[in-house]
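Chains as they are written, first to last, in this note's numbering: chain A, 5 to 300; chain B, 9 to 385. No residue lacks a Cβ here, since even glycine has one placed at the ideal position from N, Cα and C. This one's a predicted model, so the numbers in the text were calculated from it and none came from an experiment.
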């Protein structure tokens, strides 16, 4: 039986390798057939296209590498903001789902149910075309000025495209995080709730100081994959006109004809980004587990 | 079931059935290891002797009996799903003409709707045989150092324009200074927009979407002061608006956009076949051969040996089709299926259609346009 399972493992590995070899070979054959080798020299040439928003100074006379960097930073901006907001929203909704308040509980339940049933792309299109572009052209509001030409948050200008992507990613990922938080919280023995109540702690304080820390080890690993999903989902931004890395790569590929190099760069950029996220989360996870062990 | 799936997948990747045989060996768990090893060896061995360019795509199409044609599917008049669920339009008729010439049946086409960024990858990866999708013929796309495609003759002379709401008071490019302009991604449109505005020194903000529907959405919702695309696309988009008369196309022309079908470069047989099918459509219009009279013309030419040029064109003499790897009567097949170029144009873009684009530069050269076919000799 053991020999057989070993044989199976070796067989599957060889099969996987063969499949990879097929893909690489296919790529090489196609490149040879079209008379193209890999070439990254075009990265230094002027891009010739404008971008709607950039975190650092950018003009169309800058080179492709810089354009892609600006795209990467735009992606990073929306992903970083999305991670923070989705976590806050998710924890709040997750806590609400375990709350003793019936209204809160059903509101949070409804939110999770609706958001998880609808594809993210549709939600993004909804936020963009219906919610944000549906705003009037002349700004309304004071501290937060809203219009379909842009949003000004305490004097900080944000494009409607950025706001739509951020809202979409936050609301969508928040729903999944809420479920993860609820699962983690449910894993904490009910006795802990009774214990903090008997100590006279309020519901909110007890949740934050007693229940949540104990739920963290169950929450964190699943949270990591939600974070990675959020980062990857950010590529849908192009549907609503946000100049993220994917959108910039897209233009770059059409203008240079360097599809394979373009996709390789895109792949590597996302790999880097996601390695950063999962690395960071692994660090947090280790710290939390270490602290738990010490406190025991 | 499974083995046939493997075979099909293999065929698509390799375009050559002889190299698939080893992969059929995986049948039971015990043979897995042996099969995989043999498969791998075959792959590695296959690398050394692989020369993909020797077989023309045209032979593959004939063997398959069906043409895989890349279209947009979203541009009324060019390629659009009709109420009956069939693709129709000028680009679609080019696909049908090709299928009529290549496999003798204009209905033997499988359409692949593609977005602008997908189209070249789809063509180069072999997912489609031919691209007939509002594609501008440019140096970078044609050259071996760029996209490495081969373009056919121009089927529609277009130019990029700007669509603005009439009430906004925008009459020229200068009026768009500092404004947002909605544009589709992955097209020459974006580059032309930038080239024109940079040359004029007019600042603007590009709001870039993935496809035309979203560009239209953004424009109609008032996100942008103008939307830009080829004038043909602006006209067909406007035909779908609730109030088409309230939007105007500016007189400024941002580019020349000769739209042409394309195949993968380095395959002369396929490229020539595509080229001469399009030219046959134009030549047929020059000669006044239509879908309605083509059979009569054939009978007349067969009876009259003095009509040498017409007999060559219709494949009665000269065996011109064979030189292209097509049946000698490919012109007749094509005209029976789609009619000549003028008929195709009128059917989809003529004054009786909702799109209604004046023929302008797309008239025959003898009528003051740019359409002309080299001699069929």
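*asked:* Using C-beta distances below 6 Å, list every residue in its chain close to residue 225 (chain A), excluding the 5 sequence neighbours before and after it, in chain order.
replied: No residues qualify anywhere along the chain.
_So within the stretch 151 to 198 of chain A, which uninterrupted beta strand (DSSP E) runs reach at least 3 residues, ignoring any that extend past its ends?_
At a cut-off of 3 residues, the continuous stretches assigned as beta strand (DSSP E) that sit fully inside the stretch 151 to 198 of chain A are 154 to 157 and 160 to 162.
*Beta carbon proximity, residue 98 (chain A) to chain B, threshold 9 Å*: No, because no Cβ of chain B sits closer than 9 Å to the Cβ of residue 98 (chain A).
*Are residue 218 (chain B) and residue 193 (chain B) close, meaning C-beta to C-beta below 9 Å?*
Here residue 218 (chain B) is near residue 193 (chain B), since their CB atoms are less than 9 Å apart.
*Where does the unbroken alpha helix (DSSP H) through residue 232 (chain B) begin, and where does it stop?*
Per DSSP, residue 232 (chain B) lies in no alpha helix (DSSP H) segment and is marked neither H nor E.
*With respect to the alpha helix (DSSP H) encompassing residue 120 (chain B), which residues constitute its N-terminal and C-terminal limits?*
Counting along the chain, residue 120 (chain B) falls outside any alpha helix (DSSP H), though it belongs to the beta strand (DSSP E) covering 117 to 121.
_Let me make sure I understand the geometry here. Which of A:295, A:27 and A:112 has the alpha-carbon closest to that of residue 175 (chain A)?_
When only C-alpha atoms are compared, the closest one is A:112.
_I want to verify the contact list: residues of chain B whose CB lies under 7 Å from the CB of residue 251 (chain A), in sequence order._
Here the neighbours are 193 and 216.
*Would you kindly check if the distance between the Cβ of residue 30 (chain A) and the Cβ of residue 47 (chain A) is under 9 Å?*
No, the Cβ-Cβ distance between residue 47 (chain A) and residue 30 (chain A) is not below 9 Å.
*asked:* Since residue 141 (chain B) and residue 226 (chain B) should fall inside the 8 Å C-beta cutoff, what is the C-beta to C-beta distance between them, to a whole number of angstroms?
replied: Cβ-Cβ separation between residue 141 (chain B) and residue 226 (chain B): approximately 22 Å, too far for a contact (criterion under 8 Å).
*Since residue 103 (chain B) sits in a beta bridge, which residues does DSSP pair it with?*
Bridge partners of residue 103 (chain B): none, in fact.
_Identity of the residues DSSP links to residue 173 (chain B) by a beta bridge_ = In the DSSP output, where bridge partners are listed per residue, residue 173 (chain B) has B:255.
*Name, going along the chain, the residues of the stretch 68 to 85 of chain B whose beta-carbon falls closer than 8 Å to a beta-carbon of chain A.*
For the stretch 68 to 85 of chain B, there are no residues whose beta carbon sits under 8 Å from a beta carbon of chain A.
_Distance cutoff 9 Å, beta carbons only. Does residue 266 (chain B) sit that close to anything in chain A?_
No, because no Cβ of chain A sits closer than 9 Å to the Cβ of residue 266 (chain B).
_Could you check whether the stretch 248 to 261 of chain A touches the stretch 202 to 217 of chain A, counting it as contact only if at least three pairs of C-beta atoms, one from each stretch, sit closer than 8 Å?_
The stretch 248 to 261 of chain A, when compared against the stretch 202 to 217 of chain A, does not touch it at the 8 Å Cβ threshold.
_Inter-residue spacing [alpha-carbon to alpha-carbon] between residue 133 (chain A) and residue 184 (chain B)_ = Whole-angstrom Cα-Cα distance: 23 Å.
*Report the neighbours of residue 164 (chain A) on chain B: residues whose CB is nearer than 8 Å to its CB, in chain order.*
In chain order: 231.
*Inter-stretch contact (C-beta, 8 Å, three-pair minimum) for the stretch 249 to 263 of chain B and the stretch 310 to 329 of chain B*: Counting C-beta pairs with one atom in each stretch, the stretch 249 to 263 of chain B and the stretch 310 to 329 of chain B have fewer than three that are closer than 8 Å, which means they do not touch.
*Would you list, in chain order, the members of the stretch 107 to 129 of chain B that have their beta-carbon closer than 9 Å to a beta-carbon of chain A?*
Along the stretch 107 to 129 of chain B, going in chain order, the ones with a CB nearer than 9 Å to a CB of chain A are 124, 125, 128 and 129.
*Which bits of chain B does residue 183 (chain A) rub up against, with CB to CB less than 7 Å?*
What residue 183 (chain A) touches in chain B: nothing, since even the nearest Cβ is about 30 Å away.
_Can you tell me where the beta strand (DSSP E) holding residue 271 (chain B) begins and where it ends?_
Unbroken beta strand (DSSP E) run through residue 271 (chain B): 270 to 272.
_Cutoff 7 Å; reference residue 221 (chain A); Cβ partners in own chain excluding five residues on either side_ = In chain order, 292, 293 and 296 place their CB closer than 7 Å to the CB of residue 221 (chain A), counting only its own chain and leaving out the 5 sequence neighbours on each side.
*Since I believe residue 102 (chain A) is in contact with residue 190 (chain A) (beta carbons under 8 Å), could you give me their beta-carbon distance rounded to a whole number of angstroms?*
With a beta-carbon spacing of about 7 Å, residue 190 (chain A) and residue 102 (chain A) fall inside the 8 Å limit used to define contacts.
_Against residue 148 (chain B), what residues of chain A qualify as contacts under a CB-to-CB distance less than 8 Å, listed in chain order?_
For residue 148 (chain B), the C-beta contacts it makes with chain A under 8 Å involve 259, 260 and 261, in order along the chain.
*Looking at the structure shown, is residue 218 (chain B) part of a helix, part of a strand, or coil, going by DSSP?*
Three-state result, residue 218 (chain B): coil.
*asked:* By DSSP's criteria, residue 379 (chain B) is part of a beta bridge. Which residues make up the other side?
replied: Residue 379 (chain B) pairs with B:372.
*At a CB-CB cut-off below 7 Å, which residues of chain A make contact with residue 198 (chain B)?*
Residues of chain A passing the Cβ test: 53 and 255.
*What separation, rounded to the nearest whole angstrom, lies between the Cα atoms of residue 266 (chain A) and residue 149 (chain A)?*
Going by the C-alpha atoms only, they are around 38 Å apart.
*Which parts of the stretch 65 to 149 of chain A are runs of the alpha helix (DSSP H), unbroken and 4 residues or longer, counting only runs that do not cross its ends?*
For the stretch 65 to 149 of chain A, whole alpha helix (DSSP H) runs of length 4 or above, ordered along the chain, are 68 to 101, 106 to 121 and 124 to 129.
*Quick one: what's got a C-beta closer than 8 Å to residue 37 (chain B)'s C-beta in the same chain, skipping five residues either side?*
Confidence in residue 37 (chain B) is poor, its pLDDT being 40 and thus under 50, which makes the residue's placement unreliable; the coordinate value appears in the next sentence. Excluding sequence neighbours, residue 37 (chain B) sits near nothing in its chain.
*asked:* Taking 8 Å as the cut-off, does the stretch 345 to 353 of chain B touch the stretch 296 to 312 of chain B (at least 3 CB pairs, one atom from each stretch)?
replied: The stretch 296 to 312 of chain B is in contact with the stretch 345 to 353 of chain B.
*When the Cα atoms are used, what is the spatial distance from residue 150 (chain B) to residue 61 (chain A)?*
For residue 150 (chain B) and residue 61 (chain A), the gap between their C-alpha atoms comes out near 34 Å.
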